[in-house]
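Numbering (this note's numbering), first residue to last: 1166 to 1332.
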């Protein structure tokens, strides 16, 4: 199959299941949330103007999602600018209200990269949340401070740290 045909099949599959997927997502809650940002993927989205000029542009700078502790997506969106956390403040407030409406606890832990720089924005939308650095980036920081992470001792240290956190 050609790349265009595969893309057409995927788009049709998504459109056929969109209502079901959104309804399923709106029923999910969680106690531990993870915010993920995808900048390279957004750069792959191009739109052609419908004015006859066939001019193309990139409308989005960031794609993001919020997952619960089970890996289920509770929110996702595409944004026209790269300041993801600032842009989703109203969505975080709505998510908090949805959780409360569904009977979930409003006290959650939110894991995010660069937690120190975005903590205040998240707390504006979700004051009860505990905002922490996500484990993947925390472990990456350990790798960055090792003199030589590729030595046997360095790799063993990183494996043990990973096991201690993720097991």
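Every residue gets a Cβ at the ideal spot worked out from N, C-alpha and C, and that includes glycine.
For the 8 angstroms CB-CB criterion, residue 1289 and residue 1272 do not form a contact.
Using a C-beta cut-off of 8 angstroms, the region 1219–1235 makes no contact with the region 1264–1271, since fewer than three inter-stretch Cβ pairs fall below that distance. By the neighbour-count criterion, in which a residue is buried when 16 or more other Cβ atoms sit within 10 angstroms of its Cβ, residue 1329 is exposed. Of all alpha-carbon atoms in 1201, 1319 and 1309, the one lying nearest the alpha-carbon of residue 1299 is that of 1201. A distance below 8 angstroms between beta-carbons, with the five flanking residues on each side excluded, links residue 1237 to the following residues of its chain, in chain order: 1190, 1193 and 1195.
Comparing alpha-carbon positions, the option among 1222, 1285, 1265 and 1266 lying closest to residue 1253 turns out to be 1285. Note: residue 1324 is not bridge-paired with any residue in the DSSP secondary-structure output.
A straight line joining the alpha-carbon of residue 1240 with that of residue 1287 spans about 15 angstroms.
C-alpha of residue 1279 to C-alpha of residue 1188: approximately 31 angstroms in a straight line. For residue 1170, the three-state secondary structure derived from DSSP is helix.
Counting the other CB atoms within 10 Å of its CB gives residue 1281 a total below 16, which places it among the exposed residues.
A straight-line Cα-Cα distance of about 10 angstroms links residue 1171 and residue 1177. In the same chain as residue 1311, and ignoring 5 residues on each side of it, the C-beta atoms closer than 8 angstroms to its own belong to 1319, 1322 and 1323, in chain order. Taken through DSSP and simplified to helix, strand or coil, residue 1194 comes out as coil.
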